[in-house]
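> Sharing a structure below in structure tokens format, with a few things to ask.
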Amino acid sequence: MKSTLSSRIDGRFATQNVHDRLLSLAEPVTESGCWIWNSFCNSKGYGRIWLDGKPRPAHRVSYQHFIGPIEEGMTIDHLCRVRCCINPQHLEAVTSRVNTLRGIGVTSINNKKTHCNHGHEFSEANTYHLGGNMNWRECRACRKSRSANRRSNRQ
11 MKSTLSSRID GRFATQNVHD RLLSLAEPVT ESGCWIWNSF CNSKGYGRIW
61 LDGKPRPAHR VSYQHFIGPI EEGMTIDHLC RVRCCINPQH LEAVTSRVNT
111 LRGIGVTSIN NKKTHCNHGH EFSEANTYHL GGNMNWRECR ACRKSRSANR
161 RSNRQ
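This is the structure in structure tokens:
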């Protein structure tokens, strides 16, 4: 990655190094330690910065500049949960699965459940895994009960 960024200023291009550009477009928040991106953010709240003539995620540019390269197959997780934060201390390279499970979405919520909706524990013996990479689980006790109800309804 080049160490300079090009940006259009008054119809001409000005060159500024990555470090200065990142810091000039972010505002530190003392309470949280976040560096809030004050330039363009996309519809999902992630900062965007022009680099080598293309818009790039500001948090990824920050990580690459301050920490180092991002390994293939890795994504950047915001440990602070603030999408427009570019503080490299708040960023960690993780797999997509780890990033998803750390989040607040449905997948994360379901993964954190220790019991099914009927109160049965998700233990190794009582959990049936569906899907090739075990990304769906079902309570064996509830599955057995549902199957018995279906069989009795057919008679």
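Residues in the sequence shown are numbered from 11 upward in steps of one, following the numbering used here. All C-beta atoms, glycine included, are put in the ideal place defined by N, C-alpha and C.
1. Would you report the Cα separation of residue 105 and residue 120, rounded to the nearest angstrom?
2. I think residue 156 touches residue 137, with their Cβ atoms under 8 Å apart; what is that distance to the nearest whole Å?
3. Give the secondary structure of residue 111 by DSSP, where H, G and I count as helix, E and B as strand, and everything else as coil.
4. Whole angstroms are fine: how far does the CA of residue 148 sit from the CA of residue 30?
5. Between the stretch 125–137 and the stretch 77–97, are three or more C-beta pairs nearer than 8 Å?
6. Tell me the DSSP bridge mates of residue 129?
7. Bridge partners for residue 148 per DSSP, in chain order?
8. CB-CB under 6 Å to residue 75, same chain, minus the five flanking residues each way: which ones, in chain order?
9. What are the start and end residues of the alpha helix (DSSP H) that includes residue 71?
10. Which runs of the alpha helix (DSSP H) fall wholly inside the stretch 24–66 and span at least 4 residues, in chain order?
On the basis of the supplied data:
1. Start at 1 with the first residue of the sequence shown, and residue 105 comes out as number 95. Start at 1 with the first residue of the sequence shown, and residue 120 comes out as number 110. Distance between the alpha carbons of residue 105 and residue 120: 19 Å.
2. Here residue 156 refers to the residue found at position 146 when the sequence shown is read from its first residue. Here residue 137 refers to the residue found at position 127 when the sequence shown is read from its first residue. Between residue 137 and residue 156 the Cβ distance is about 15 Å, and since that is not below 8 Å, they are no contact.
3. Numbered from its first residue, the sequence shown carries residue 111 at position 101. Helix at residue 111.
4. Here the question's residue 30 lines up with position 20 in the sequence shown. Here the question's residue 148 lines up with position 138 in the sequence shown. Rounded to the nearest angstrom, the two C-alpha atoms are 51 Å apart.
5. The stretch 125–137 is not in contact with the stretch 77–97.
6. Against the sequence shown, residue 129 aligns to sequence position 119. Its beta-bridge partners do not exist; DSSP assigns none.
7. In the sequence shown, counting from the first residue as 1, residue 148 sits at position 138. The bridge partners DSSP lists for residue 148 are 138.
8. Along the sequence shown, one-based indexing puts residue 75 at 65. For residue 75, the CB contacts under 6 Å within the same chain, skipping 5 residues up- and downstream, are 28 in chain order.
9. Indexing the sequence shown from 1 puts residue 71 at position 61. Element bounds for residue 71: 68–76.
10. Within the stretch 24–66, the runs of alpha helix (DSSP H) at least 4 residues long that lie entirely inside it are, in chain order, 28–34.
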